[in-house]
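Visitor: What follows is a structure written as structure tokens; I'll ask about it next.
Number of protein chains: 2
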Amino acid sequence: MPTPPLANRLHHIEPFRVMALLARAKALEAAGRDVIHMEIGEPDFPTPPAIVEAGIRALQAGHTSYTPALGIPLLRQAIADFYADHYGVAIPAAQVAVTPGASGALQLALSALLSPGDEVILSNPTYPCNRHFIQMFEGVPIMVDVGPAENYQLTAAKVAAHWSARTKAVMVASPANPTGTLIAPDELDRIGQLCQERGAVLIVDEIYQGLVYDGPDRSVLSSHAGALVINSFSKYFQMTGWRLGWMVAPEYMMPAIEKLAMNAFLSPSAPSQYAALAAFEPDTLRLVESRRQALRARRDYLTHALLALGFDIPAPPQGAFYVYADARRHTRHAEQFAADLLEAHYVAVTPGIDFGGPGADQALRFAYTTSLPRLQEAIQRIKTFIDS
Amino acid sequence: MPTPPLANRLHHIEPFRVMALLARAKALEAAGRDVIHMEIGEPDFPTPPAIVEAGIRALQAGHTSYTPALGIPLLRQAIADFYADHYGVAIPAAQVAVTPGASGALQLALSALLSPGDEVILSNPTYPCNRHFIQMFEGVPIMVDVGPAENYQLTAAKVAAHWSARTKAVMVASPANPTGTLIAPDELDRIGQLCQERGAVLIVDEIYQGLVYDGPDRSVLSSHAGALVINSFSKYFQMTGWRLGWMVAPEYMMPAIEKLAMNAFLSPSAPSQYAALAAFEPDTLRLVESRRQALRARRDYLTHALLALGFDIPAPPQGAFYVYADARRHTRHAEQFAADLLEAHYVAVTPGIDFGGPGADQALRFAYTTSLPRLQEAIQRIKTFIDS
Ligand SMILES: Cc1ncc(COP(=O)(O)O)c(C=O)c1O
Ligand SMILES: Cc1ncc(COP(=O)(O)O)c(C=O)c1O
Numbered sequence: 001m002p003t004p005p006l007a008n009r010l011h012h013i014e015p016f017r018v019m020a021l022l023a024r025a026k027a028l029e030a031a032g033r034d035v036i037h038m039e040i041g042e043p044d045f046p047t048p049p050a051i052v053e054a055g056i057r058a059l060q061a062g063h064t065s066y067t068p069a070l071g072i073p074l075l076r077q078a079i080a081d082f083y084a085d086h087y088g089v090a091i092p093a094a095q096v097a098v099t100p101g102a103s104g105a106l107q108l109a110l111s112a113l114l115s116p117g118d119e120v121i122l123s124n125p126t127y128p129c130n131r132h133f134i135q136m137f138e139g140v141p142i143m144v145d146v147g148p149a150e151n152y153q154l155t156a157a158k159v160a161a162h163w164s165a166r167t168k169a170v171m172v173a174s175p176a177n178p179t180g181t182l183i184a185p186d187e188l189d190r191i192g193q194l195c196q197e198r199g200a201v202l203i204v205d206e207i208y209q210g211l212v213y214d215g216p217d218r219s220v221l222s223s224h225a226g227a228l229v230i231n232s233f234s235k236y237f238q239m240t241g242w243r244l245g246w247m248v249a250p251e252y253m254m255p256a257i258e259k260l261a262m263n264a265f266l267s268p269s270a271p272s273q274y275a276a277l278a279a280f281e282p283d284t285l286r287l288v289e290s291r292r293q294a295l296r297a298r299r300d301y302l303t304h305a306l307l308a309l310g311f312d313i314p315a316p317p318q319g320a321f322y323v324y325a326d327a328r329r330h331t332r333h334a335e336q337f338a339a340d341l342l343e344a345h346y347v348a349v350t351p352g353i354d355f356g357g358p359g360a361d362q363a364l365r366f367a368y369t370t371s372l373p374r375l376q377e378a379i380q381r382i383k384t385f386i387d388s
Numbered sequence: 389m390p391t392p393p394l395a396n397r398l399h400h401i402e403p404f405r406v407m408a409l410l411a412r413a414k415a416l417e418a419a420g421r422d423v424i425h426m427e428i429g430e431p432d433f434p435t436p437p438a439i440v441e442a443g444i445r446a447l448q449a450g451h452t453s454y455t456p457a458l459g460i461p462l463l464r465q466a467i468a469d470f471y472a473d474h475y476g477v478a479i480p481a482a483q484v485a486v487t488p489g490a491s492g493a494l495q496l497a498l499s500a501l502l503s504p505g506d507e508v509i510l511s512n513p514t515y516p517c518n519r520h521f522i523q524m525f526e527g528v529p530i531m532v533d534v535g536p537a538e539n540y541q542l543t544a545a546k547v548a549a550h551w552s553a554r555t556k557a558v559m560v561a562s563p564a565n566p567t568g569t570l571i572a573p574d575e576l577d578r579i580g581q582l583c584q585e586r587g588a589v590l591i592v593d594e595i596y597q598g599l600v601y602d603g604p605d606r607s608v609l610s611s612h613a614g615a616l617v618i619n620s621f622s623k624y625f626q627m628t629g630w631r632l633g634w635m636v637a638p639e640y641m642m643p644a645i646e647k648l649a650m651n652a653f654l655s656p657s658a659p660s661q662y663a664a665l666a667a668f669e670p671d672t673l674r675l676v677e678s679r680r681q682a683l684r685a686r687r688d689y690l691t692h693a694l695l696a697l698g699f700d701i702p703a704p705p706q707g708a709f710y711v712y713a714d715a716r717r718h719t720r721h722a723e724q725f726a727a728d729l730l731e732a733h734y735v736a737v738t739p740g741i742d743f744g745g746p747g748a749d750q751a752l753r754f755a756y757t758t759s760l761p762r763l764q765e766a767i768q769r770i771k772t773f774i775d776s
């Protein structure tokens, strides 16, 4: 008897292409090479000390049991308070769900909304997991090509043009991965309006909230109380490995979200939740703000340096920690370029093909998740590579 | 415009009925009542100190970044070694996937296997999440009524009788939740044989592995190398709130499992993984063994005490930490009985209806996840309640 066939959904779900490159980078490192990592979507800063200490205290105090499925009440309230203090938005703690990362929040949101065949409109390029979560629950991702003209973000006109009777949700990420661009508030308002009029849910991934370098940092909740917001302690609070995120969802969805959370996850990590309480303390907020400024300096340096090397940066990155560059002056095949750059000069970057969209074949994502001196060293190596 | 409708799958997925009771128990406690918790599926023992200390060291060492999607190689190897040392089975570390709890493992296994309409045969009663995970991925749970005659476990004959062209997997849990029963090795062999002949996957949930009080503790892997095994650090190692489990899967499934894991979870918790390395140290193993003996003493006490109170225990519990009792001598509606018992005497137990199966309406699950003196106190209170 042959092995039982796997699920059909696996035909649509791709592994990240960068994984092969990452494995090769690790192998080179193991062989003693000095690899500069610009492929990784996590900050090089360690978790803020106050959070680590709160985590240690939580372990010492024995906070190692299951918690309520939507998180401990204290943390749900602290997240609600954060919206009040920083964005001037009143969110009831009952509409906050604490989740295993933004990943867990995306999963709950999409499994709560999508019946097989339901459509979700999202931008192309996009963070690849978004498309895959939709397919995991038998929904259909409607990928809308976006480019520099619209800052790599959806527009209300494009959303309207792709609307169908099966449209169930529209997904926006701002700041976005891989481009670091923001959506214009009035454009987001128009998309929210459209969703409300036609009966779909506006999902906004705000996981890079706080990591904004030009203009004010906002939440869609300040203009669209009915939006479903995805967020995380991973990026702004540098807690990737702790696996903790959250969601703010419309009230009517909460019983469904809770039911799914108790079945899918039982509970988020208990020590991580107690640790995260320290994220909102003044000392931690001061520290992450100083790190944001360091990231801005890196962005400024990297943007200029890449332009000087002949890369094109069609839409200036305003947030997150990515520069999405067009490499067509140097290659017609960015994935090969990335592999060769790693092999020859030990600099790891992510090929655009992982994110899709027009020109992905010739695009590269540079993450500035390493120190300024390392970025300078990387630029030297890339220059040598290009000139050779 | 009305709110957008939720996913159809929500019609099939139920919240745990015990949650309302748990909320009421917490409210009573907040009002100063002394509630005895026998409804909770987690040991009252704290996480073993060596694991907690390893967790603290991991945080101090800055192990707070994403890890590989299938877990850190050290832990995958340690789990493989555990099978070799304790069950005499050789498992390549490459076939071990570390997951966010057994919950994460169940999700990966079922999303890797099920296309819409695919069927999974499982016992009724069962751990309710199993049925719900199947429905989450648009599969069809084929619930097979089982009772005391077959020790509340599937038999090969019953599996064969429910087989169809859409059968994709058969799920067994041993020791089982809610009954604590084991499946007979030869019966499991016959089911495994059937799966192999007809091209389906045998999934065995061994999350209560190690917590066996009569007869030897085994793994299906010692007789069926092709089985997919679900396991966890939650129960035997008392790490529920850390959210860490694992899966051993057939080699051909590993690329699919990895692809799904990187998209759904990115990685399991980093500090939890480093902490779990201490689970396999001799000191920890000695401690969990002494706790197993304490659990056995509790089981012996509780079984006899419940029988003496007129409860029927149709199949003797041999593992896990549950006694599944038939309460028909005291009530025709166990959920009401449980609610009244809590209200009047502050003892919380789980109604059978959460697990389904014949006689569920008159069944109660008593978890012996509290100390012997507390169990004795609970028995006194139940006696008073019944006699009143
Ligand atoms: C846009 C976006 N959403 C969600 C996530 C998920 O992150 P996490 O699960 O760590 O919160 C990421 C991680 O890179 C991301 O870039
Ligand atoms: C039979 C069974 N499987 C799986 C689980 C999931 O546990 P976890 O996700 O904590 O490993 C449980 C928890 O109660 C269970 O009883």
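Chains as they are written, first to last, in the working numbering: chain A, 1 to 388; chain B, 389 to 776.
Ideal placement from N, C-alpha and C gives every residue a C-beta, glycine not left out.
Just so it is clear, the structure is predicted and the values come from calculations on it, not from any experiment.
Label Asn-396/B either buried or exposed according to how many other C-beta atoms from any shown protein chain fall within 10 Å of its C-beta, with 16 as the threshold for buried.
Guide: By the neighbour-count criterion, in which a residue is buried when 16 or more other Cβ atoms sit within 10 angstroms of its Cβ, Asn-396/B is exposed.
Visitor: Please name the residues in the stretch 454-465 of chain B whose beta-carbon is closer than 8 Å to at least one beta-carbon of chain A, in chain order.
Guide: Cβ contacts with chain A: Tyr-454 and Thr-455.
Visitor: With distances taken from CA atoms, which of Arg-131/A, Ala-348/A and Leu-188/A is nearest Thr-153/A?
Guide: Checking the sequence shown, residue 153/A turns out to be Gln, not Thr. Checked all of Arg-131/A, Ala-348/A and Leu-188/A; the closest Cα to Gln-153/A is Leu-188/A.
Visitor: Return helix, strand or coil for Val-508/B, following the three-state DSSP convention.
Guide: strand
Visitor: Between the C-alpha atoms of Asp-728/B and Met-524/B, what's the straight-line distance to the nearest angstrom?
Guide: 34 Å
Visitor: May I ask you to list the residues that DSSP assigns as paired with Pro-702/B?
Guide: Per DSSP, none; premise fails for Pro-702/B.
Visitor: If you draw a straight line from the alpha carbon of Ala-264/A to that of Arg-76/A, how long is it in whole angstroms?
Guide: Distance between the alpha carbons of Ala-264/A and Arg-76/A is about 19 Å.
Visitor: From the DSSP output, read off the bridge partner residues of Pro-73/A.
Guide: In DSSP, Pro-73/A forms no bridge with anything.
Visitor: Check whether the Cβ atoms of Leu-501/B and Leu-266/A lie closer than 8 Å to each other.
Guide: no
Visitor: So is Trp-242/A in contact with chain B if we call contact Cβ pairs under 8 Å?
Guide: yes
Visitor: I need the boundaries of the alpha helix (DSSP H) containing Lys-771/B, first residue and last residue.
Guide: 760-775
Visitor: Given a limit of 9 Å on CB to CB distance, which residues of the stretch 562-577 of chain B reach chain A?
Guide: none
Visitor: Does DSSP classify Asn-651/B as helix, strand or coil?
Guide: helix
Visitor: Within its chain, find whatever has a CB closer than 7 Å to the CB of Ala-227/A; leave out the 5 residues flanking it on each side and keep chain order.
Guide: Gly-192, Leu-202, Val-204, Val-220 and Leu-221
Visitor: So if I threshold CB-CB distances at 8 Å, which residues from the stretch 515-544 of chain B count as touching chain A?
Guide: Pro-516, Cys-517, His-520, Phe-521, Met-524, Phe-525 and Glu-526
Visitor: Which residues neighbour ligand 2 when neighbourhood means a C-beta less than 6 Å away from any of its non-hydrogen atoms? List them by chain order.
Guide: Leu-266/A, Gly-429/B, Gly-489/B, Ala-490/B, Ser-491/B, Tyr-515/B, Ala-561/B, Asn-565/B, Asp-593/B, Ile-595/B, Ser-620/B, Ser-622/B, Thr-628/B and Gly-633/B
Visitor: Here's the rule: buried if 16 or more other CB atoms are within 10 angstroms of the residue's CB, otherwise exposed. What is Thr-3/A?
Guide: exposed
Visitor: Give the DSSP-derived three-state secondary structure of Ala-396/B in the structure shown.
Guide: The question names Ala, but residue 396/B in the sequence shown is Asn. Three-state DSSP puts Asn-396/B in a helix.
Visitor: Check whether chain A comes within 8 Å of Lys-623/B, counting only Cβ atoms and requiring the distance to be less than that.
Guide: No - not a single Cβ of chain A is within 8 Å of the one on Lys-623/B.
Visitor: Give a yes or no on whether 8 Å exceeds the smallest Cβ distance from Phe-404/B to chain A.
Guide: yes
Visitor: If you measure beta-carbon to beta-carbon, which residues of the stretch 732-746 of chain B are closer than 9 Å to chain A?
Guide: None of the residues of the stretch 732-746 of chain B has a beta carbon lying less than 9 Å from any beta carbon of chain A.
Visitor: Excluding the 5 residues preceding and the 5 following Met-254/A in the sequence, name in chain order all residues of the same chain whose CB lies nearer than 7 Å to its CB.
Guide: Same-chain partners within the cutoff: Ala-94 and Gln-95.
Visitor: Just the chain B side, please: which residues come within less than 7 Å of Ile-79/A by C-beta, in chain order?
Guide: Using a Cβ-Cβ cut-off of 7 Å, Ile-79/A is close to nothing in chain B; its nearest Cβ partner there is about 19 Å away.
Visitor: Contact defined as beta carbons within less than 8 Å: I believe Pro-316/A pairs with Asp-326/A. What is the distance between those atoms, to the nearest angstrom?
Guide: Incorrect: roughly 13 Å between the Cβ atoms, too far for contact.
Visitor: Any idea what DSSP makes of Val-130/A, helix, strand or coil?
Guide: The sequence as given places Asn at residue 130/A; Val does not occur at that position. Here Asn-130/A sits in helix by DSSP.
Visitor: Nearest-angstrom Cα distance between Leu-375/A and Gly-241/A?
Guide: 24 Å
Visitor: Along chain A, which residues have their Cβ under 9 Å away from the Cβ of Pro-587/B?
Guide: According to the sequence shown, residue 587/B is Gly rather than Pro. Under the 9 Å cutoff, chain A gives Met-1, Pro-2, Thr-3, Pro-4 and Pro-5.
Visitor: Starting from the beta carbon of Gln-107/A, find every residue of chain B whose beta carbon is closer than 7 Å, and list them in chain order.
Guide: Ala-652
Visitor: For Pro-389/A and Asn-124/A, what's the separation of their Cα atoms in angstroms?
Guide: Since the first and last residues shown for chain A are 1 and 388, residue 389/A lies out of range.
Visitor: Taking one C-beta from the stretch 63-74 of chain A and one from the stretch 159-179 of chain A each time, how about it: are there three or more such pairs within less than 8 Å?
Guide: Cβ pair count under 8 Å is below three, so no.
Visitor: Would Val-423/B pass as a contact of Ala-748/B if the rule is Cβ separation under 8 Å?
Guide: no
Visitor: Could you tell me which chain A residues have their CB closer than 8 Å to the CB of Ala-500/B, listed as they occur along the chain?
Guide: Leu-6, Ala-7 and Leu-10
Visitor: Give me whichever residues DSSP pairs with Asp-145/A in a beta bridge.
Guide: Asp-145/A pairs with Asn-124/A.
Visitor: In chain order, what are the residue ranges of uninterrupted beta strand (DSSP E) at least 3 long that sit wholly in the stretch 574-658 of chain B?
Guide: 589-593, 616-620 and 633-636
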